[in-house]
Each structure stands twice: as structure tokens, then as C-alpha cells.
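Numbering (the UniProt record's numbering), first residue to last: 1 to 575.
This report concerns only the one structure given below.
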Amino acid sequence: MTKVWVCDDEPSERFPIYTRGNVSEVFVEAVSPLTWSAYAPRSWELGWRDALCRMGAFTPDEFKPVGDCEVVGCFGGYVYLNVSLSRVLGVRIPEMSIEAIDRSFFGDYPDVPPYRPDPRDENPERARAAGEWLRSLFTTTELPELAEDEARLDRLAGSRPDLSRLSDAELLARFRELRPENRYFFAKHIYMTYCSNVVAAVVAQITAAAQAPEMAAKVTTALDIPSARQSFEMWELSRVVARSAVLMREFDAGVDGLLERLLDSPEADAKKFLAHWAEFIDRWGFLGASVWEFRSATYASDPRVPLRMLDRARQAPDTAAPRERSTVLCAERDKVIKEIAARLSGDAEARGRFLGAAQAAEVFLPAREQTKLNCTRMTEEIRANLRELGGRFVDRGVLVAWEQLLLLLDNEVDGFLDDPGRYGEKIADRQAGLELLKSKWPPFVFEGEPLPLARFEDRMKEPKPAVTSGEQLIGVPVSQGVHTGPARVIKSLDDDSDLEPGEVIVAVTTDSSWGPLFLAAGAVVCQTGAAISHAAIVARELGIPAVVSVPDCAERIKNGTVVTVNGSTGRVTVA
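Shown next, in the form of C-alpha cells:
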């Protein structure tokens, strides 16, 4: 295999299908060599294996040797997840299926390679163990380990030394020493993700059997999802702005330089806002686009991103308050659960399974999002060491930006500390290579050998034909409701989006840093995704319609095109 990027992996022969599904929410752009080489083989890869073994579905000897990636992989510079390996769960877990596993990765994405049975997939011993795990999900009513994990993270962050007082070598050592902790938190997240996927799949299966497939989304709504809490807090902050003439004038003047202007302002409202803002950043400053890439900016390091979202949210009317909608959604959820249970009254076993799955959804879907946030907090703890170390080499005139440190491989950084001049040409070449990768869209799925760079899509290519009046695009309905409004196509939070209240967000995908942007939106449409992807979960919590896995929507729908989004049927209709 010819490597496209310096940290590319060898694909698995045993498990040959890989996808960008789900992982594109946390690794949006091409991954940096240091991020991947330092943490993928001995942290993310091993953490995922830990989760699969905890479920009882696999044993350690079924994977490649430690040090080689198989469950995760970097190909063409982009991070992928192994689909073939997860499909084995559809074979070994009772009542699960290949189709349910695929739906969690692909939604309704076309052209997915078919499942090809392998004799090693069948394993009665692992099936029995996985069956015990599955049954345990439907009797779980609480997860005290989540509070313990948050306390563990608090202790870790609280014990962070003054990084400015550490030597270069000590900073590098601390960066590497955090790998076991990252593995622990990542393993917990993957475990909770599989728990959530299975629970959501069971809910979908039973509601479909009850002739009410559209009700599955409501059963997984209003669950107090942790990743949506920042949106609720952003809403309250937006009301502070909306009710102050002083703050409204300052926001009207633009978010560039806004915080500095408010710091210089003698107005009481300015001081009040800054106090609230400091609290928000203290809680959520670790978030950002491409949140698990170590070179990424965060809300704290680049506040323009959350300020732009706040600028959009302040213009929404008070009637858009998410807390009020959440109360209504909670009542609707209880009503739907009772209705489905009533439909199943003649089948005691199915009714019991459904009620158990509905209860499990309340436990595991929030847990999945909480553990994802924990991983993101952990990422910032790791990133802080590199930001300090790279910044020193900027001050010394060696690097142009601290992020360039991450263009090195893990086995090159020690040499760079000793003699940085030797690596100047290598860093420049990789910077150019990274810019090239950022101009391409990697394939969403592949089987066997990764596609060469020449087969990647050019992001600046001639766009596909625009949608026409009356045309319908079909995707996966993930949050109920109907909304009509003009489309706003958003490629990245780095773009200065002019989203207006009531507009429909159209995107390839979203991640946890997008949540507050949803406050001003009337609906969300994504090109990729599934029932428990970020856009789906947050849209349900905020009570706005959403459809995901809509082919080519971010290319074919243009800004201003009026569309009707039906989150119950999955139809996006062009006016």
C-alpha cells in the first residue's frame, strides 16, 4: 500500500471495510501526524478493544498485535472506523443484526459494501457472553460510574502543574504520560456508545413491529443529554444580551474585538455579561471544531466561534426558549411510551422488552454523550501541553504557529527538541501536504485497499446540479416535526455564518461544538448521520425537526432555497 499521509495505517485483512461515519464528527479534517502516531495505536485503538472485550463480544487475541491499528485507522490522512469488526456484533449479539449495525454507521447512505460472512465471526462462547451483557442493559437504572469519572477528570485537571514552569522535555513527557488516562475515558465512551446503539436499535425494532416506526425518535427525546446543556446555557446568555440595549449595540458592531470593548466599558450590563461569559467558558471552553484533533482551536482559545453562535441566538424570539420546548417533549415522550406499551398489551414479552428499552434509553443515551464530553475534556488536558511546548518554539523563532509541532511524528519530537533546525524542511513539506489534504473530501467508505489521493473529491470541484422546485430529497428522520424556511448551508464553524432565526441548517455533518448554533435554527438537514449522531440527538433535545443521511444535500441545496423539513417522514421538499 502506498501511503498518502505520513501516519497512514495498514488496513486490516480480517476486517476490511472502513467508514468515516460517526468519526467525522470528532475528526473533521485530516489528522496531524503527532496526534495520530502518539495516541492512536496505544490509546484510542486499545480503548476501543477494551470496550469490545468488556461487552463480552471479543477476546484480545482476535485483534492485530498491540501497536498496530485495526479498529480505528488513518487512511489518506483522515480517520476511519472499522465497520467489518462492528458487523461481527450483529452476528454475536442476540437479537441484533448486520442491518442495525450498518444503520448506526451509515443511516441510509447508498453503496455500502455488503457483509461477507467469515467462519470466525460465529463464536458461541462470545455470543453467550454478549447475550448476558445485552440482558444487563435492560435492568440498568443508573450508572454511578459516570459521577466517579467526572470526579476523576476534575482531579486530573486540578492536579495539572504550572505548565510554564516545566522544561521542554517534561512537557513532552506529560503529553505522553496521559495516554493511559485517555485510553480509560475513551474505552468508557465506546462502551456506552455500543450500549446506546443497541438500545436505540431495540426501540426502533419494537416500534416498527407495533406499526409506529416514527415514534422511535420520540422515545429517545428529552433525555437531558449532557452535550445539549451548553445550548441551554448559551440560550440563557443570549437572553442577557437580548434584554440589554448596551449589549445589543456592541454585538451589532461585530464579534471581532467584542470582548475587549466590553472589558473597557463602564456599563454594568457589560460587566454582568463578562461574568456570565467567564462561567460559560470555564464550563465549556474545551469544546471546538474537530474536537479530538490536538491542533484544533477551542472555545477558550478562539472565542470568536461561540460568540458568533451567540450573535445568532440573541436574535431568536423568546418563544424559541429550548427549556419550554423540552418540557413539552418530555410529556410527549411519556405519552408515546404509554401508547406503544398499550399497542403491545397482547404480547407481554414484547411489551416488557419495550419498556426495558425505553428505560435503558434514559440511562445510556445521556451516558454516551457524557462520556464523549469526558473524552473531549481529556483531549484539552493533553492539548495544553502541546500548546505550551509549541508556543515556546514560536517565541524562539523556530515555528510560525504552535500547531506546526504536530506535523512531526511521535518518534521525531525528541530529536526536534534537541536540534529543531534539522526538521525545518520536513515541517514545511508536511504543512503543504496537510493543506492539500484539507482541499479534498475523503471517501465515506471503502473496502480493502484505501483509495489513492487522486480518487478523493476536490472540495472546489464544480458543484452538482442545484435542487429544483418540487423536488424531494429523502433521508433518515431523526427528530420529529415539520418546518419550512430558507436554507443556510454551513461548511464549518470557522465560516462566519449569517444564520438567521428560523433558517434550516444544511451541513455535511455536525459535532458537539455546533450545539448552540441550533438555537436559532428552525430545522437541521445533514448529508451523513444516523439516529444517535450529534445532529439527531441535539435536535431532539431542542425540539426542532431533523433529517440526516440526505445524499448530496450540502452540495445541491443552495443558500436561501426554501425547503420544508419533515422530521417524521425524512422528506426534505423544495418549495
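Ideal Cβ placement from N, Cα and C applies to all residues, glycine included.
Restricting attention to Arg128, Leu81, Ile225 and Phe138, the CA atom closest to the CA of Phe106 is found in Leu81.
The continuous stretches of alpha helix (DSSP H) do not include Tyr109, and DSSP gives it neither H nor E. Under the criterion of beta carbons closer than 8 Å, Thr19 and Lys188 do not qualify as touching, at roughly 23 Å.
Beyond the five residues adjoining it in sequence on each side, Ala539 comes within less than 6 Å, by CB distance, of Ser479, Val524 and Ala546 in the same chain, given in chain order. Distance between Ile340 and Ala204, taken at the CA atoms: about 12 Å. For Gln480, no alpha helix (DSSP H) run applies, since DSSP gives it neither H nor E. Straight through space, the alpha carbons of Ala130 and Ala57 are spaced by roughly 5 Å. In the three-state DSSP reduction, Trp277 falls in the helix class (H, G or I). Around the beta carbon of Asn197, 16 or more other beta carbons sit within 10 angstroms, so the residue counts as buried. Under the three-state reduction of DSSP, Phe456 is assigned to coil, being neither helix nor strand.
Its Cα nearest to that of Thr298, the residue Ile281 stands out among Ile281, Ala157 and Gly475. If you draw a straight line from the Cα of Asp149 to the Cα of Leu156, it comes to about 10 Å. Taken in chain order, the unbroken stretches of alpha helix (DSSP H) that lie wholly in the region 345-421 and span 4 residues or more are 348-395 and 410-418. Of the residues assessed, Ala208 falls on the exposed side of the cut-off, its CB having fewer than 16 other CB atoms within 10 angstroms. Of the residues Arg351, Arg249, Leu166 and Val489, the one whose Cα lies closest to the Cα of Ala554 is Val489.
Restricting attention to Val202, Arg249 and Arg261, the CA atom closest to the CA of Phe364 is found in Val202. By the C-beta density criterion, Val328 is exposed, having fewer than 16 other C-beta atoms within 10 angstroms.
Close CB contacts of Lys464 within its chain, under the 6 Å cut and outside five residues either way in sequence, are with Asp552, Glu555 and Arg556 (chain order).
Note that the C-beta distance between Ser231 and Asp269 is not below 7 Å. In the DSSP assignment, Ala169 falls within the unbroken alpha helix (DSSP H) covering Asp168 to Glu177. For Val574, the closest of Gly567, Ser290 and Gly485 by C-alpha to C-alpha distance is Gly485. Under the 10 Å beta carbon count, Thr561 is surrounded by 16 or more other beta carbons and is classified as buried.
For Glu339, the enclosing alpha helix (DSSP H) covers residues Pro322 to Arg343. Beta-bridge pairing by DSSP links Gln472 to Thr573.
Pairing Val26 with Val305 gives a Cβ-Cβ distance that is not under 7 Å.
In terms of Cβ geometry, Leu143 and Ser512 do not form a close pair [threshold 7 Å].
With a threshold of 16 other beta carbon atoms within 10 Å, Trp441 falls short and is exposed. The Cβ atoms of Asp311 and Phe251 lie closer than 7 Å to each other.
Contact annotation: the region 406-421 touches the region 29-36, with at least three C-beta pairs closer than 8 Å. Taking each of Gly448, Pro420 and Lys438 in turn and checking the Cα distance to Asp458, the smallest one comes out for Lys438. Bounds of the alpha helix (DSSP H) holding Val538 are His534 to Leu542.
Note that the region 313-322 does not touch the region 170-186; fewer than 3 beta-carbon pairs, one per stretch, sit closer than 8 Å. C-alpha of Ala300 to C-alpha of Trp277: approximately 11 Å in a straight line. Spatial neighbours of Ala253 in its own chain (CB-CB distance under 8 Å, excluding positions within 5 residues in sequence) are listed in chain order as Arg261.
Nearest to Cys74 by C-alpha distance, out of Arg120, Val88 and Tyr39, is Tyr39. In the three-state reduction of the DSSP assignment, Tyr191 falls in the helix class.
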